[in-house]
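One structure below.
Number of protein chains: 2
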Amino acid sequence: MTTQELTLEPLTAEAFTPFGDLIHSHERDYFLINDGQCRRYHRLAKVETGTDGGAILSLFRPRPISLPHTLVLMERHPLGSQAFVPLAGQPYIVVVAPPGPPPAVADLHAFLITDGTGVNYHAGTWHHPLLALSPGGDFLVVDREGPGHNCEEHLLEGIRLPVAPV
Amino acid sequence: MTTQELTLEPLTAEAFTPFGDLIHSHERDYFLINDGQCRRYHRLAKVETGTDGGAILSLFRPRPISLPHTLVLMERHPLGSQAFVPLAGQPYIVVVAPPGPPPAVADLHAFLITDGTGVNYHAGTWHHPLLALSPGGDFLVVDREGPGHNCEEHLLEGIRLPVAPV
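Just so you know, the sequences run in chain order E and A. Going by the UniProt record's numbering, the residue at position 4 of the first sequence is 4; the numbering climbs one at a time, nothing skipped. Going by the UniProt record's numbering, the residue at position 71 of the second sequence is 71; the numbering climbs one at a time, nothing skipped.
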């Protein structure tokens with residue numbers, strides 16, 4: 001079996017548009033609230049839950065990976081979005097593929113995040129489970145609770161993340 | 001006019017129960033996901049939106065206060081919860097009062113948060129606008145978007161937060 005290595009792409013809102021939203025305030029519009037004392041960067045992401053679900057807040061604490069790293073599987077949640085926001089600016093990698101049939105290797109995109117930006121995967125976006133690069137820090141997760149089968153998996157084989165400077 | 005000074009109370013889940021949820025992983029139950037590679041501290045808070053609203057993610061960047069500080073007003077959102085989670089562990093103070101009629105001074109409780117814990121105010125909980133103690137760091141805010149009047153205010157006079165070690 002051959003091993004294929006993904007490229008770590010620069011993270012931009014445009015590059016991430018097919019997969020979801022970026023949660024950060026850098027160069028984003030805001031308005032002032034609280035008598036001018038606070039900037040509100042409004043609605044950077046909407047939580048998708050369908051009409052029969054609700055949004056919940058959880059914390060994830062992943063065991064960190066080291067690079068290079070062999071990927072295991074992709075998953076997706078067809079009924080709701082899922083947001084991950086690092087609570088200590090800790091570095092992580094997201095591997096995503098657009099909604100649709102189980103992704104081929106050419107559909108996969110990997111982004112290295114080192115500036116504390118959070119991500120919100122839209123409902124149906126394929127994504128690898130959380131890939132943290134440092135042991136410190138929890139991730140706030142905002143996702144759907146409700147009836148129905150909301151997780152599909154697709155196994156990967158022979159696909160690897162490269163060594164990267166962090 | 002006399003000035004009354006609030007006491008900064010220690011933050012515990014029990015003390016905060018009348019007002020909402022605490023978002024942290026310290027001594028909380030979890031289960032393992034992702035083939036044992038990740039702890040999920042599940043549903044630390046539910047987002048309340050009513051049947052006609054939805055949940056959104058925003059970032060708040062408050063101008064920090066210095067202590068002692070005179071409080072301005074309390075507000076509440078009768079139709080939805082509102083969560084604040086510091087993204088750099090930065091210190092802040094929450095001032096809250098239980099749902100009900102506009103609070104008297106005796107109803108106010110002030111908590112100093114220095115360990116990165118987030119808060120989720122339940123719908124109707126009176127709370128002061130965000131009181132950050134350091135200039136660094138945004139807060140992730142999870143609240144309701146939807147029809148209806150979802151903000152009530154109650155002015156305060158002569159109530160002050162004391163100097164505190166941070």
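Cβ coordinates follow ideal geometry from the N, Cα and C atoms, glycine included.
Checklist entry - In chain E, which residues lie less than 8 Å from A/ASN34 when you measure between Cβ atoms? => result Within the second sequence, numbered from 1, the residue matching residue 34 of chain A stands at position 34. Under the 8 Å cutoff, chain E gives PRO62, PRO129 and LEU130.
Next on the checklist: Beta-carbon within less than 6 Å of A/PRO135's beta-carbon, same chain only, minus the 5 sequence neighbours each way: which residues are those?
Outcome noted: One-based indexing of the second sequence puts residue 135 of chain A at position 135. Excluding sequence neighbours, A/PRO135 sits near PRO64.
Next on the checklist: To be precise: take each residue of the stretch 44 to 58 of chain A, compare its Cβ to all Cβ atoms of chain E, and keep it if any distance is under 8 Å. Which residues remain?
Outcome noted: LEU44, ALA45, LYS46, VAL47, THR49, GLY54, ALA55, ILE56, LEU57 and SER58
Checklist entry - According to DSSP, is A/GLU27 helix, strand or coil? => result Here residue 27 of chain A refers to the residue found at position 27 when the second sequence is read from its first residue. In the structure shown, A/GLU27 sits in coil (DSSP, three-state: anything other than H, G, I, E or B).
Checklist entry - Among E/ARG61, E/PRO78, E/PRO18 and E/TYR92, which residue has its Cα nearest to the Cα of E/ARG144? => result Here the question's residue 144 of chain E lines up with position 144 in the first sequence. When only C-alpha atoms are compared, the closest one is E/PRO78.
Item to check | Cα-Cα separation between E/ASN34 and E/VAL105, rounded to whole angstroms | outcome: The residue given as residue 34 of chain E occupies position 34 in the first sequence. The residue given as residue 105 of chain E occupies position 105 in the first sequence. For E/ASN34 and E/VAL105, the distance between alpha carbons rounds to 48 Å.
Item to check | Proximity test, Cβ basis, 8 Å: E/GLU145 and chain A | outcome: On the first sequence, position 145 is the one that residue 145 of chain E refers to. Output row for E/GLU145: interface = yes.
Checklist entry - Of all the residues that make up the stretch 69 to 89 of chain A, which are near chain E by a beta-carbon distance shorter than 8 Å? => result VAL72, ALA83, VAL85, PRO86, LEU87, ALA88 and GLY89
Next on the checklist: In this structure, how does DSSP classify E/VAL47 when only helix, strand and coil are distinguished?
Outcome noted: What you label residue 47 of chain E is simply residue 47 of the first sequence in a count that begins at 1. E/VAL47: coil per DSSP, three-state reduction.
Next on the checklist: Would you say the beta carbon of E/LEU59 is closer than 7 Å to some non-hydrogen atom of the ligand NAD?
Outcome noted: With respect to the ligand NAD, the structure offers nothing, as it holds no ligand at all.
Next on the checklist: Let me make sure I understand the geometry here. Which of A/THR2, A/ALA88, A/PHE84 and A/MET74 has the alpha-carbon closest to that of A/GLY100?
Outcome noted: Position 100 of the second sequence, counted from the first residue, corresponds to residue 100 of chain A. The shortest Cα separation from A/GLY100 among A/THR2, A/ALA88, A/PHE84 and A/MET74 belongs to A/MET74.
Checklist entry - Over what stretch of residues does the beta strand (DSSP E) that includes A/ALA83 continue unbroken? => result Here residue 83 of chain A refers to the residue found at position 83 when the second sequence is read from its first residue. Note, A/ALA83: beta strand (DSSP E), 82 to 86.
Checklist entry - Near E/PRO147, what residues of its chain come up, given a Cβ to Cβ distance below 8 Å and the 5 sequence neighbours on each side ignored? => result Taking the first sequence and counting its residues from 1, the one referred to as residue 147 of chain E is at position 147. The answer, listed in chain order, is ASP52 and GLY53.
Checklist entry - Going by the CB atoms, is the gap between A/ARG160 and A/GLU5 shorter than 8 Å? => result For the purposes of this step, residue 5 of chain A is taken as the residue at position 5 of the second sequence. For the purposes of this step, residue 160 of chain A is taken as the residue at position 160 of the second sequence. Yes. Within cutoff.
Next on the checklist: Contact between the stretch 85 to 104 of chain E and the stretch 114 to 122 of chain E is defined here as three or more beta-carbon pairs at a separation below 8 Å; is this criterion met?
Outcome noted: yes
Next on the checklist: Does the structure place the stretch 24 to 42 of chain A close enough to the stretch 55 to 63 of chain E that three or more beta carbon pairs sit under 8 Å?
Outcome noted: yes
Next on the checklist: Would you say A/ILE23 lies against chain E (beta-carbon separation less than 8 Å)?
Outcome noted: By one-based count along the second sequence, residue 23 of chain A stands at place 23. True, the Cβ-Cβ gap to chain E drops below 8 Å.
Checklist entry - Is there contact between the stretch 37 to 57 of chain E and the stretch 41 to 49 of chain A, where contact requires at least three CB pairs shorter than 8 Å? => result yes
Checklist entry - Count the other CB atoms within 10 Å of the CB of E/THR125; is the residue buried (16 or more) or exposed (fewer)? => result Your numbering for residue 125 of chain E matches position 125 in the first sequence. Buried, by the Cβ-count rule.
Item to check | E/ALA55, enclosing beta strand (DSSP E) - first and last residue | outcome: Here the question's residue 55 of chain E lines up with position 55 in the first sequence. Note, E/ALA55: beta strand (DSSP E), 54 to 62.
Item to check | Alpha-carbon spacing of E/GLN162 relative to E/HIS69, whole angstroms | outcome: The residue given as residue 162 of chain E occupies position 162 in the first sequence. The residue given as residue 69 of chain E occupies position 69 in the first sequence. Rather than Gln, the amino acid found at residue 162 of chain E in this sequence is Pro. Between E/PRO162 and E/HIS69, the C-alpha separation is close to 7 Å.
Checklist entry - Do we get a CB-CB distance below 8 Å when we pair A/ARG39 with the residues of chain E? => result The sequence position of residue 39 of chain A within the second sequence is 39, counting from 1. Yes, its Cβ sits closer than 8 Å to a Cβ of chain E.
Checklist entry - For A/ASN150, which residues from the same chain have a beta carbon less than 7 Å from its beta carbon, with the 5 sequence-adjacent residues on both sides left out? => result Looking up residue 150 of chain A in the second sequence gives position 150. Within the same chain, A/ASN150 has close Cβ partners HIS77, PRO78, LEU79, GLY80 and ARG144.
Item to check | Supposed contact pair A/TYR121 and A/PHE31 - C-beta distance, whole angstroms, cut 8 Å | outcome: Translated into positions along the second sequence, residue 31 of chain A becomes position 31. Translated into positions along the second sequence, residue 121 of chain A becomes position 121. Not a contact, Cβ separation roughly 27 Å.
Item to check | Where E/GLU14 sits in the DSSP three-state scheme | outcome: Position 14 of the first sequence, counted from the first residue, corresponds to residue 14 of chain E. In this structure, E/GLU14 counts as helix in the three-state DSSP scheme.
Checklist entry - Does the beta-carbon of A/ALA83 have 16 or more other beta-carbons within 10 angstroms, so that it is buried, or is it exposed? => result Here residue 83 of chain A is taken as the residue at index 83 of the second sequence, counted from 1. It is buried - the Cβ of A/ALA83 has at least 16 other Cβ atoms within 10 Å.
Item to check | Burial state of E/ALA13 (16 or more Cβ within 10 Å) | outcome: Position 13 of the first sequence, counted from the start, is the residue given in the question as residue 13 of chain E. It is exposed - the Cβ of E/ALA13 has fewer than 16 other Cβ atoms within 10 Å.
Checklist entry - Looking at the structure shown, is A/VAL163 part of a helix, part of a strand, or coil, going by DSSP? => result On the second sequence, residue 163 of chain A is found 163 positions in, with the first residue counted as 1. A/VAL163 falls in the coil class under three-state DSSP.
Checklist entry - When the distance is taken between beta carbons, is E/LEU140 closer than 8 Å to A/VAL85? => result In the second sequence, residue 85 of chain A corresponds to position 85, counting from 1. In the first sequence, residue 140 of chain E corresponds to position 140, counting from 1. Cβ distance < 8 Å, so A/VAL85 and E/LEU140 count as in contact.
Checklist entry - By Cβ distance, which residues of its chain are closer than 7 Å to A/ALA123, with the 5 residues on each side in sequence left out? => result If you number the second sequence from 1, residue 123 of chain A lands on position 123. Counting only Cβ-Cβ distances below 7 Å, and skipping sequence neighbours, we find GLU48, HIS77, PRO78, LEU79, GLY80 and SER81.
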